Each structure stands twice: as C-alpha cells, then as structure tokens.
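Colleague:
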Amino acid sequence: MGFNETDLNNSANLPSTFLLDTGQRNISKNHHDIEYVLLLSLKAFIMIFIILCALLGNLLVIVSVMRHRKLRVITNYFVVSLALADMLVALFAMTFNASVELFGRWLFGYFMCDVWNSLDVFFSTVSILHLCCISVDRYYAIVQPLDYPLIMTNVRLSRMVYHERASRIQKELSGCVCVPSQQVLCCR
Numbered sequence: 040m041g042f043n044e045t046d047l048n049n050s051a052n053l054p055s056t057f058l059l060d061t062g063q064r065n066i067s068k069n070h071h072d073i074e075y076v077l078l079l080s081l082k083a084f085i086m087i088f089i090i091l092c093a094l095l096g097n098l099l100v101i102v103s104v105m106r107h108r109k110l111r112v113i114t115n116y117f118v119v120s121l122a123l124a125d126m127l128v129a130l131f132a133m134t135f136n137a138s139v140e141l142f143g144r145w146l147f148g149y150f151m152c153d154v155w156n157s158l159d160v161f162f163s164t165v166s167i168l169h170l171c172c173i174s175v176d177r178y179y180a181i182v183q184p185l186d187y188p189l190i191m192t193n194v195r196l197s198r199m200v201y202h203e204r205a206s207r208i209q210k211e212l213s214g215c216v217c218v219p220s221q222q223v224l225c226c227r
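Note that the working numbering has the sequence shown beginning at 40, numbered continuously upward.
1. Quick check on residue 185: buried or exposed, where buried means 16 or more other Cβ atoms within 10 Å of its Cβ?
2. At what residue ranges does the region 111 to 190 contain a whole run of the alpha helix (DSSP H), taking only runs of 4 or more?
3. Which of the three DSSP states is assigned to residue 71 in this structure?
4. Please state the DSSP three-state secondary structure of residue 202.
5. In whole angstroms, give me the CA-to-CA distance for residue 129 and residue 159.
6. Use the C-beta contact count for residue 117: other C-beta atoms within 10 angstroms, 16 or more gives buried, fewer gives exposed.
7. Between the region 133 to 146 and the region 165 to 180, can you find at least three pairs of beta-carbon atoms closer than 8 Å?
8. Count the other CB atoms, across all protein chains shown, that sit within 10 Å of the CB of residue 152; report buried if there are 16 or more and exposed otherwise.
9. Taking residue 124 and residue 100 to be in contact with their CB atoms under 8 Å, please state how far apart those CB atoms are, rounded to whole angstroms.
10. Does the region 105 to 116 come into contact with the region 84 to 97, if we say contact requires no fewer than three beta-carbon pairs (one atom in each stretch) closer than 8 Å?
11. Taking 8 Å as the threshold (C-beta atoms), are residue 102 and residue 110 in contact?
12. Leaving out the 5 sequence neighbours to the left and right, which residues in its chain are closer than 7 Å to residue 191 when beta-carbon positions are compared?
13. Here's the rule: buried if 16 or more other CB atoms are within 10 angstroms of the residue's CB, otherwise exposed. What is residue 97?
14. What does the alpha-carbon distance come out to for the pair residue 148 and residue 131?
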C-alpha cells in the first residue's frame, strides 16, 4: 500500500499526523511579543527604581542635615542645596525622559515639550553650578584651613547661592538655553 501522485494530491487520503499545523509562526510572534513586554517591563522597573533612589537618597540628605545640629555647617548647606536641585532633576527631567524612553515618543504636547526641555537644562545647570560652589568651598577649606571660617561666612554663602541662582535665571530668561537634539526629535 504505497503512495502515488493521486494520493498526494488528495489530502483526504493522507494520515492526520501530516496535516497538523505546528503553529510555529504564531509561537514565534507571541514569543517576540512576550520578550518585548518583558524587556519593556524591566526597563520601566529600572527607570522607576533609579528615579525613586534619586528622590529618596536626596531626601535623606536634606532630612539628616535638618535633624542633626552638628551637620549644620556651611559646606552641608551647599550639599543640601545640591540635593534639592537633584531632586528637581529627578522629578521634572527624569520622569518625562523615562516616558519618552518607554513609549518611544513624546506624549504630552508641544508646550510641555518646551517646558520639559527648559526644566531639564535648567535643573541640570543648577546641579553643575552647585558642584562648582562646593568645589570653591572645599578649595578654601584645604588651601587656607585657618582662615576658612573667616572666608566662608554665612554672608558669603548667601552671596554665592544668590549669584548662582541669579545667573541661572538670567540665562533662562534670556533664552540662551541649549536644547539637546534628541529631546527635540522626541517631542516633535
């Protein structure tokens, strides 16, 4: 009982094991969909974890300086100000950037795109300027340790922070803000 060409053309005569659909095409597609969802979930988890760590870590810095009197020195006021600036970066820059990374496009409209670009550059510049102030403070503490309490007074601290904030606001209001091209492409 062998097969001939008429048996091959007539599918009713073939055994049922030959007619089973393995569904590999559907499994492959579902496999890629599951893989994509898992990677997207992992990416979202990591981004949320980083944002929460930035917020909570900087909050711990602020609370510890506020709670312990011995930590209330001039250097730590710069550190608290830096922690506040970094919290603002985490809130207003990293969250919107995470949404762009996860969804692959900007979801919030043109106005919020401009606001986000502005706040991203603004708060990142704030962090950099705070690091500059901390480095100047540490420079005087190391180079002139005996004169440091006379050099770094509360008045001088206030002036440094005021000039740092005034220069940021002046740059922001004058429109001299650099907008990275990736963010513009994501928003438009």
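Heads up, the beta-carbon is just placed ideally off N, CA and C, and yes, glycines get one too.
These numbers come from a predicted model, not from an experiment.
Modeller: So, from the data block:
1. By one-based count along the sequence shown, residue 185 stands at place 146. By the neighbour-count rule (16 or more Cβ atoms within 10 Å), residue 185 is not buried but exposed.
2. For the region 111 to 190, whole alpha helix (DSSP H) runs of length 4 or above, ordered along the chain, are 113 to 128, 134 to 142, 148 to 182 and 187 to 190.
3. Within the sequence shown, residue 71 is the residue found at index 32, counting from 1. The three-state secondary structure of residue 71, taken from DSSP, is helix.
4. Your numbering for residue 202 matches position 163 in the sequence shown. The answer is helix: DSSP assigns residue 202 an H, G or I state.
5. Here residue 129 refers to the residue found at position 90 of the sequence shown. Here residue 159 refers to the residue found at position 120 of the sequence shown. C-alpha separation (whole angstroms): 9 Å.
6. For the purposes of this step, residue 117 is taken as residue 78 along the sequence shown, with counting starting at 1. Flag for residue 117 reads buried.
7. no
8. On the sequence shown, position 113 is the one that residue 152 refers to. Looking at its Cβ environment, which holds 16 or more other Cβ atoms inside 10 Å, residue 152 is buried.
9. Mapped onto the sequence shown, residue 124 falls at position 85. Mapped onto the sequence shown, residue 100 falls at position 61. Their Cβ separation, rounded to whole angstroms, is 11 Å, which puts residue 124 and residue 100 out of contact at 8 Å.
10. no
11. On the sequence shown, residue 110 is found 71 positions in, with the first residue counted as 1. On the sequence shown, residue 102 is found 63 positions in, with the first residue counted as 1. It is not a contact, given that the beta carbons lie outside the stated cut-off.
12. On the sequence shown, position 152 is the one that residue 191 refers to. Contacts found: 113, 176 and 179.
13. In the sequence shown, residue 97 corresponds to position 58, counting from 1. Buried, by the Cβ-count rule.
14. Residue numbering aside, residue 148 sits at position 109 when the sequence shown is read from its first letter. Residue numbering aside, residue 131 sits at position 92 when the sequence shown is read from its first letter. About 15 Å.
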